[in-house]
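To keep things clear, I will list the structure first and then write my remarks on it.
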Amino acid sequence: MDPNGSEESDSLDWNTEDELEIQETSVSASRIPGQEVNRGSGETSSSSGSSNSKVISHFVGMGFPQIMVVKAIEENGEDNIEAILETLLTYSALENSPREPPPASTDPCSFDSASNSLDDVSDVDSSPGNEGNKDHLSEKDKMLSLLVDMGYLADEALMAIDTCGLDSPIAELTDFMCAAQMAKEADAHFREFSHEDDGDAHLRELFPEDVTSYSHARPRNDYFPRDKKRKLNKDERQKSRRHIRSEKKQTDEDEDMLNLPNPMVGFGLPNEPWPMVHRTLPEDATGPPYFYYENVALTPKGVWSKISRFLYDVEPEFVDSKFFCAAARKRGYIHNLPIHNRCPLLPIPPLTIQKALPSSKKWWPSWDSRTQFNCLLTCIGSAKLTDRIRKALEKWDDEPPPNVQKYVLEECRRWNLVWVGRNKVAPLEPDEMEMLLGYPTDHTRGISRTDRYKALGNSFQVDTVAYHLSVLKDLFPSGINVLSLFSGIGGAEVALHRLGIPLKNVVSVEISETNRNILHSWWEQTNQQGSLVEMADVQQVTAQRVEQWLSSFGGFDLVIGGSPCNNLAGGNRVSRDGLEGKQSSLFFEYIRILDLVRSMMRRYR
DNA sequence: ATTACCATGATAGGGATC
DNA sequence: GATCCCTATCATGGTAAT
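So the first sequence is residues 25 to 629, counted in this note's numbering.
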């Protein structure tokens, strides 16, 4: 739902000053007086150092103990945000366990395994003062914390302290660590992949009791030197992927795979006597608030099981919108909504091309057997292509030979072309896409044509989503408060509105200004009685803001959104990097915010 | 083997601004 | 006329399921 994230994220990459400021207050309790003197001075920190610092401060700012954050980064490699977060989240799952700070002795020891990779340079454990001397230890810890806060890796900082001595000038320590960092960077690619799956277990051993409630995490790759991954050539990338695959085979076997249902009907279709599916949600998954997450069904292997794991182990509901409209749209939805007594949106839209676009019937050749469109995409077929097709067909008086038919059909399926004249095909018009996706006519009108295609190609199919959301109507007869993340052109809002569910307060977060404008004008045109709060960046949804919304709205009833699919979708041949991808990693913002809302609402209860 | 896929990057041209 | 921004056009090929 975030078509323009790629463009605008460029300008957002380092636009975090204000947020850091906010976090400064929340972190301050755990920080040592005076350490902010060095923050941002820039002189001492290398680029990798400062990015590392940002990651640490963000995780810490959200309530993870610094020691654990550092450990998680060490375990997973600084590039592997996803794994770091996963490691940290493992402990939030134990939220109800008694809280104990890590034993003091654990602090220095916890770095031991991390420093193993550098043991050949220096023997950390042989240094004096590791045990017994508490004063020295705390001084050492302070220095360690200071250096880590400056952006250096904890194991390197520890080694520098041990090697150069606690009384050494900071400059000497930082010099030492710069050298160590350079040595380590060569190792980074390997560690990025090899530590993906064993990080949790390792941390679990080190912190068997310690748990924390976190409220913020920041899994953006943008903290790191841009496109480090892309520097890998194709062979290397394939090797890496093979490496992941072979590791998975060895470790998780088949449990990592989620099978896509065939037919892709989810937990049941309207007006079909489908055997009623019973599901029991994991205890931790039950609301309030209700949540609803969406993304493409066909992702790289293991992505959906990972998404499911982050969303409290709720099983995804895979649905193809071809059962709801005349176009396919294979999507996975993870939600904690009841699944009984759903009802479809009325009127039921036409399910075939011929009924949806009756004017095309006249020109539709008998050998084009399509009755439904493929997934509506963000791009359309080119004018040159339709021209080539026309020329290929014009050579034949009546029916073209099979090979020409095959070529034309292939292109028609690929680009969802419609017959609009004799030998003449054309891509769908934006308003036709609006209709097929369940939006009001001219919903996206007024912006450039390409932007309309982009926005529509990235949006919900309203009838499908509305069918799932329909259970909310009886639950909230007086209306609902909605937190809508990655709102796009407002598919969720339109669905709820069309269901007749009053929208009391809607907080909509959407990066694209044109999309925000679309939702805004829809809101006004439909005379909404509630209030609409618009935000641009999910990363600016801080604990403070959520708290503010919760206190003024009395809680959210629904948290809904589909995070960017750019790096998951099969159409992306350039950067299909999975959940770690530049845009798709914003998924972690979704769970971050959802968890924030959940934990705060539980606290208020 | 075939098929489908919420795409990306390079490029060119129109229009506004200086 | 030089430059920038916006828009449109086009070619491009990898993954996983069937």
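We put the CB at the ideal spot given by N, CA and C, even for glycine.
What's the C-alpha gap between residue i and residue j?
i	j	result
His364	Glu341	14 Å
Pro312	Val621	9 Å
Ser393	Asn286	21 Å
Val495	Glu571	27 Å
Gln378	Trp439	17 Å
Ser536	Gly512	7 Å
Ser345	His359	17 Å
Thr465	Glu456	8 Å
Cys436	Asn551	40 Å
Asn398	Ala96	42 Å
Glu458	Val598	28 Å
Arg627	Asn319	30 Å
Glu220	Asn100	No answer about Glu220 holds up, because its pLDDT of 32 lies below 50 and its placement is not dependable.
His544	Ala479	15 Å
Ser555	Pro424	58 Å
Gly405	Gly578	48 Å
Cys403	Gly515	19 Å
Ala380	Pro374	5 Å
Trp573	Trp388	53 Å
Glu517	Glu98	42 Å
Ala450	Lys354	24 Å
Tyr491	Ser390	34 Å
Pro426	Trp420	12 Å
Ser502	Phe580	14 Å
Arg540	Pro306	35 Å
Arg303	Tyr316	16 Å
Leu293	Val343	9 Å
Asp487	Leu369	6 Å
Glu296	Ala567	44 Å
Leu452	Ala351	11 Å
Glu613	Ser332	15 Å
Tyr357	Asp498	21 Å
Leu94	Leu190	The amino acid occupying residue 94 in the given sequence is Val; Leu does not appear at that position. The straight-line gap from Cα to Cα measures roughly 20 Å.
Arg569	Tyr314	19 Å
Val289	Thr111	34 Å
Met624	Ser576	13 Å
Would you say residue i touches the ligand MG, meaning its beta carbon is less than 7 Å from a heavy atom?
i	result
Gly356	By its list of ligands, the structure shown contains no ligand whatsoever, and the ligand MG lies outside what it can speak to.
The beta strand (DSSP E) with residue i in it runs from where to where?
i	result
Met624	Here Met624 belongs to no beta strand (DSSP E); instead the alpha helix (DSSP H) covers Phe611 to Tyr628.
Trp420	Neither: Trp420 is in no beta strand (DSSP E) and is coded neither H nor E.
Met288	That residue, Met288, is in no beta strand (DSSP E); it is neither H nor E in DSSP.
Ile584	Leu582 to Gly586
Leu556	Ser555 to Met559
Val598	No beta strand (DSSP E) contains Val598, which DSSP labels as neither H nor E.
Are residue i and residue j close, meaning C-beta to C-beta below 8 Å?
i	j	result
Thr410	Leu441	yes
Val506	Leu400	no
Leu527	Leu520	yes
Thr395	Leu592	no
Val327	Leu603	yes
Cys349	Gln485	yes
Ile615	Phe334	yes
Ile617	Thr538	no
Leu461	Ser483	yes
Leu282	Ser329	yes
Gln309	Leu284	Sequence inspection shows Ala at residue 309; the Gln mentioned does not correspond to that position. Against a cut-off of 8 Å, the Cβ pair of Leu284 and Ala309 comes out as no contact.
Taking the continuous alpha helix (DSSP H) assigned at residue i, which residues delimit it?
i	result
Val432	Pro426 to Trp439
Phe315	No alpha helix (DSSP H) holds Phe315; the beta strand (DSSP E) holding it covers Tyr314 to Val320.
Ser332	Val327 to Phe334
Glu99	Gln90 to Asn100
Val343	Where Val343 is concerned, there is no enclosing alpha helix (DSSP H), although the beta strand (DSSP E) it sits in stretches over Glu341 to Asp344.
Leu592	Premise fails: Leu592 is in no alpha helix (DSSP H) and is neither H nor E.
Ala567	Ala567 to Phe577
Is there contact here, the stretch 526 to 537 with the stretch 547 to 561, by at least three beta-carbon pairs under 8 Å? yes
So within the stretch 347 to 398, which uninterrupted beta strand (DSSP E) runs reach at least 3 residues, ignoring any that extend past its ends? 354 to 359
Mind the definition here: the stretch 437 to 455 touches the stretch 379 to 386 only if three or more C-beta pairs lie below 8 Å; say whether that holds. yes
Inside the stretch 475 to 540 only - beta strand (DSSP E) runs reaching at least 3 residues: The DSSP assignment places complete beta strand (DSSP E) segments of no fewer than 3 residues inside the stretch 475 to 540 at 504 to 509 and 527 to 533, in order along the chain.
Is it the case that the stretch 586 to 593 contacts the stretch 609 to 619, given that we only count it when at least three CB pairs across the two stretches are under 8 Å? yes
Taking 8 Å as the cut-off, does the stretch 474 to 487 touch the stretch 412 to 421 (at least 3 CB pairs, one atom from each stretch)? Segments in contact, no.
What are the start and end residues of each continuous alpha helix (DSSP H) run of 4 or more residues lying completely inside the stretch 439 to 470, in chain order? Taken in chain order, the whole alpha helix (DSSP H) runs of length 4 or more contained in the stretch 439 to 470 are 454 to 461.
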